[in-house]
Amino acid sequence: MEEKKLDLNSIIGFVLISGLLIWMLYSNAPTPEELEAEKAKKEQVEKAKEEEPAKIVAPSSPTEIVAVDSLKQNALQAQLGSFAYSASLPSATNEVTELNNGLLTLKIANKGGYIVSAIVNDFEQFKKGSGETIELIKDNNAKFNLTLNTKDNRTLETKDLYFEPTLTKEGENQVLTMRLKASDNQFLEYRYVMKPNEYMLDFAIRSQGLNSVVNSEKPVGLDWQMKTFRNEKSVVYENRYTDIHFEHKDGKTDYLSVNGEDDEVLENATYIAYHQFFFVSILLTDTPFKTVSLKSENLVKDETVDTLYTKNMAAFIPLEFKNGELDYSMNWYYGPTKYKVLNDYNRNLDDILPLGWGIFGWINRFIFIPVFGFISGFLPYGIAIIVFTILVRIVMSPITYKSYLSQAKMKVLRPEIAALNEKYKDNPMKKQQETMKLYSTAGVNPMAGCIPAVMQIPIFYALFQFFPSVFDLRQKSFLWADDLSSYDNIYQLPFTIPFYGDHVSLFPILASVAIFFYMKMTTGDQAMSTPPQEGMPDMGKIMKVMIYISPIMMLFFFNNYASGLSLYYFVSNLITIGIMLVIKKYIVKEDKILAKIESNKSNPKKESKFQRKMREMMEQAEAQKAQQKKK
Numbered sequence: 004m005e006e007k008k009l010d011l012n013s014i015i016g017f018v019l020i021s022g023l024l025i026w027m028l029y030s031n032a033p034t035p036e037e038l039e040a041e042k043a044k045k046e047q048v049e050k051a052k053e054e055e056p057a058k059i060v061a062p063s064s065p066t067e068i069v070a071v072d073s074l075k076q077n078a079l080q081a082q083l084g085s086f087a088y089s090a091s092l093p094s095a096t097n098e099v100t101e102l103n104n105g106l107l108t109l110k111i112a113n114k115g116g117y118i119v120s121a122i123v124n125d126f127e128q129f130k131k132g133s134g135e136t137i138e139l140i141k142d143n144n145a146k147f148n149l150t151l152n153t154k155d156n157r158t159l160e161t162k163d164l165y166f167e168p169t170l171t172k173e174g175e176n177q178v179l180t181m182r183l184k185a186s187d188n189q190f191l192e193y194r195y196v197m198k199p200n201e202y203m204l205d206f207a208i209r210s211q212g213l214n215s216v217v218n219s220e221k222p223v224g225l226d227w228q229m230k231t232f233r234n235e236k237s238v239v240y241e242n243r244y245t246d247i248h249f250e251h252k253d254g255k256t257d258y259l260s261v262n263g264e265d266d267e268v269l270e271n272a273t274y275i276a277y278h279q280f281f282f283v284s285i286l287l288t289d290t291p292f293k294t295v296s297l298k299s300e301n302l303v304k305d306e307t308v309d310t311l312y313t314k315n316m317a318a319f320i321p322l323e324f325k326n327g328e329l330d331y332s333m334n335w336y337y338g339p340t341k342y343k344v345l346n347d348y349n350r351n352l353d354d355i356l357p358l359g360w361g362i363f364g365w366i367n368r369f370i371f372i373p374v375f376g377f378i379s380g381f382l383p384y385g386i387a388i389i390v391f392t393i394l395v396r397i398v399m400s401p402i403t404y405k406s407y408l409s410q411a412k413m414k415v416l417r418p419e420i421a422a423l424n425e426k427y428k429d430n431p432m433k434k435q436q437e438t439m440k441l442y443s444t445a446g447v448n449p450m451a452g453c454i455p456a457v458m459q460i461p462i463f464y465a466l467f468q469f470f471p472s473v474f475d476l477r478q479k480s481f482l483w484a485d486d487l488s489s490y491d492n493i494y495q496l497p498f499t500i501p502f503y504g505d506h507v508s509l510f511p512i513l514a515s516v517a518i519f520f521y522m523k524m525t526t527g528d529q530a531m532s533t534p535p536q537e538g539m540p541d542m543g544k545i546m547k548v549m550i551y552i553s554p555i556m557m558l559f560f561f562n563n564y565a566s567g568l569s570l571y572y573f574v575s576n577l578i579t580i581g582i583m584l585v586i587k588k589y590i591v592k593e594d595k596i597l598a599k600i601e602s603n604k605s606n607p608k609k610e611s612k613f614q615r616k617m618r619e620m621m622e623q624a625e626a627q628k629a630q631q632k633k634k
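Under our numbering, the first residue of the sequence shown is numbered 4, with each subsequent residue one higher.
As structure tokens, this is what we get:
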């Protein structure tokens with residue numbers, strides 16, 4: 004490519020343009036007389052301001068007043084078009100209107116017409132005793148904006164425009180209408196209805212007469228954003244349960260990931276919830292949103308530094324016109340994630356709680372929540388957890404008994420199984436057949452020890468999901484724990500241990516010690532009852548290692564978890580140890596088990612269909628193997 008160079012014509016052009024610019028600046032410069040007059044005028048204005056600070060200095064003549072107002076009106080008209088009418092009303096100020104029903108205090112701003120403050124009155128932040136109430140919205144952490152496309156090709160955002168408020172009463176309800184006016188009969192309206200003793204508000208977006216102003220062929224873009232404030236003691240634990248939940252596709256509920264960034268596009272969404280652990284902000288609609296774009300961003304990159312906000316959440320919703328107008332009936336909910344409160348609305352809002360899916364959620368909803376609610380109704384919450392734990396362990400004690408009985412039977416049979424292993428060590432198929440025959444004649448089911456353990460899994464997982472969902476544990480104290488919904492800090496470390504934290508919690512330590520002794524007591528019996536298998540790892544050694552690994556894992560894992568959950572596991576393991584000792588000492592006797600097995604051998608039970616099928620399959624496999632050797 005040929006390199007471009009400056010030729011003589013270009014140089015001459017630059018010189019001429021530079022000379023022209025210098026001449027224009029010089030010719031338009033003010034004369035000394037004009038500078039002196041301007042200085043005198045400024046001094047006069049400043050003097051007038053000092054004498055009357057609250058009075059605006061008016062132009063010097065009526066003609067100048069008209070000219071200034073005309074310029075302002077023209078500029079406003081050019082910017083806002085028909086909606087310049089709203090900016091000329093007395094309500095075009097930054098004032099707010101307050102709604103309060105005792106449970107909830109809301110402030111709605113004239114500018115934007117949306118909620119700029121939402122206070123849940125009866126609850127305090129994690130600094131107990133500080134008197135700082137829970138404020139879900141404050142300091143511009145939330146935005147609610149509609150993007151309007153006008154017929155004269157303007158794009159306007161309601162967050163920058165002024166609404167006219169009208170506060171009335173309808174019975175016991177407080178009704179606030181916020182109108183963004185193009186004229187007296189043309190407006191966009193937000194309608195808020197606050198009922199007594201309710202966290203839920205009626206909310207509507209509708210328009211009147213705007214079909215001649217707004218381009219109804221393009222949907223209105225609704226943009227709802229919120230940076231969620233930290234409200235609890237542990238920002239890490241709170242952030243683990245802070246996410247966006249939603250309902251879509253005819254009642255299907257789901258949520259975005261709590262880690263990193265996540266986004267999703269929904270169809271036919273009926274509610275969007277910004278869930279903040281124990282509190283939630285929900286937008287519900289009677290007319291399903293055809294599409295919703297959701298996005299969530301984790302703001303806690305470093306829990307020692309990022310302690311003000313937890314998540315940044317956003318929803319973008321196109322609102323479609325009906326016959327040239329907007330008409331959407333909705334609801335707002337700002338309040339606690341109490342199961343009964345959310346469930347009573349019959350809108351699937353209880354799915355926001357992390358109760359678990361499938362059978363785990365059913366156990367929590369229909370068993371644990373009613374039972375714990377009944378117990379905590381007349382007992383302090385710490386005592387209620389202990390009583391609740393005792394009831395759970397008593398109900399599960401038959402399963403514990405079955406599991407231990409199976410282990411004891413396998414332990415009694417271990418010498419005979421070892422003899423079979425030695426006798427048929429060169430014939431694995433025959434060894435398996437004889438082992439199954441021994442189990443059958445002795446009346447022992449080797450799977451009987453696994454079935455009780457599997458049956459307990461739904462209970463354990465449901466309880467793991469249950470305690471983080473119990474709102475009533477929030478800021479309730481027990482012994483040294485000042486908040487059963489958060490960690491029990493007995494010592495603040497001067498440093499941070501990876502995966503452990505910067506503090507020492509006592510309940511996880513007690514729970515870890517209890518699980519160590521429980522595993523020490525049961526693992527030996529399990530190792531003794533587990534038949535050695537050729538070519539398989541030594542389960543006895545693995546179990547001995549797990550005796551030490553499991554308590555350490557629990558210690559690290561639960562150090563930042565709710566102390567109520569650690570209290571449950573501590574008491575549960577203590578009770579289980581007691582039940583196992585009673586079973587071992589007074590109920591299950593090895594000599595009686597051995598006598599029963601010998602009796603079964605002399606009077607063997609009829610072979611079940613399953614056992615017969617297994618035996619036949621083994622015999623066929625052995626025959627095929629023998630046939631292959633002959634070839």
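The beta-carbon is built from N, C-alpha and C at its ideal position, and this holds for glycine as well. On a predicted model such as this, the values are computed, not experimentally measured, just so you know.
Nearest to glycine 364 by alpha-carbon distance, out of Tyr336, Glu437 and Tyr464, is Tyr464. Residue nearest to serine 237 within the set Val374, Phe281, Val574 and Thr96 is Phe281 (criterion: CA-CA distance). Residue range 176–186 is occupied by the beta strand (DSSP E) that includes asparagine 176. If you draw a straight line from the Cα of lysine 426 to the Cα of glutamate 437, it is about 10 Å long. Counting only residues of its own chain and dropping the five nearest sequence neighbours on each side, tryptophan 483 has a CB closer than 7 Å to the CB of Asp491, Ile493 and Leu509. Taken atom to atom, the span from the alpha-carbon of alanine 317 to that of methionine 203 is near 21 Å. DSSP, read as helix, strand or coil, puts asparagine 576 in helix.
Taking 8 Å as the upper bound for CB-CB distance, methionine 399 and glutamine 459 are in contact here, some 6 Å apart.
The beta carbons of phenylalanine 86 and serine 219 sit no closer together than 8 Å.
Under DSSP, glycine 504 takes part in a beta bridge, and its partners are Ile500.
In terms of Cα proximity to methionine 549, the closest of Pro222, Met439 and Phe519 is Phe519.
Judged by beta-carbon spacing, tyrosine 195 lies within the 8 Å limit of leucine 102, meaning their Cβ atoms are closer than that value. For leucine 487, there is no enclosing beta strand (DSSP E), since its DSSP letter is neither H nor E. Proline 222 sits in coil when the DSSP states are folded into three classes, being neither helix nor strand. The closest CA to that of threonine 273, considering only Ile578, Ile386 and Met333, is found on Met333. In this structure, the beta-carbon distance from aspartate 226 to threonine 150 falls below 8 Å. One Cα belongs to glycine 504, the other to tyrosine 240, and the distance between them is close to 12 Å.
For alanine 387, the secondary structure class from DSSP, reduced to helix, strand or coil, is helix. Rounded to the nearest angstrom, the gap between the Cα atoms of proline 339 and aspartate 125 is 10 Å. The Cβ atoms of serine 553 and methionine 583 lie no closer than 8 Å to each other. For arginine 243, the uninterrupted alpha helix (DSSP H) segment begins and ends at 238–243. In the DSSP assignment, proline 93 is bridged to no other residue. Going by DSSP, leucine 151 is part of the beta strand (DSSP E) stretching over 145–152.
About 5 Å separates the Cβ atoms of glutamate 98 and asparagine 113, confirming a contact at the 8 Å cut-off. By the beta-carbon neighbour count (other beta carbons within 10 angstroms, threshold 16), aspartate 486 is buried. Distance from the Cα of methionine 557 is smallest, within the candidate group Ser515, Ile578, Ala185 and Phe573, for Ser515.
Rounded to the nearest whole angstrom, the CA to CA distance from leucine 476 to glutamine 128 is 14 Å. Under DSSP, glycine 338 shares a beta bridge with Val283. For valine 119, the enclosing beta strand (DSSP E) covers residues 118–127. Less than 8 Å divides the Cβ of leucine 329 from the Cβ of isoleucine 208. Nearest in C-alpha terms to alanine 276, of all of Asn351, Ile366 and Gly116, is Asn351. Fewer than three beta-carbon pairs drawn from the region 243–253 and the region 177–196 are found closer than 8 Å, and the two stretches are therefore not classed as touching. Only exposed fits proline 383, as fewer than 16 other CB atoms lie within 10 angstroms of its CB. Between serine 284 and leucine 466, the gap from beta carbon to beta carbon reaches 8 Å or more. When DSSP states are grouped into helix, strand and coil, glutamine 495 belongs to the strand group. The criterion of a C-beta distance shorter than 8 Å is not satisfied by phenylalanine 206 and asparagine 144.
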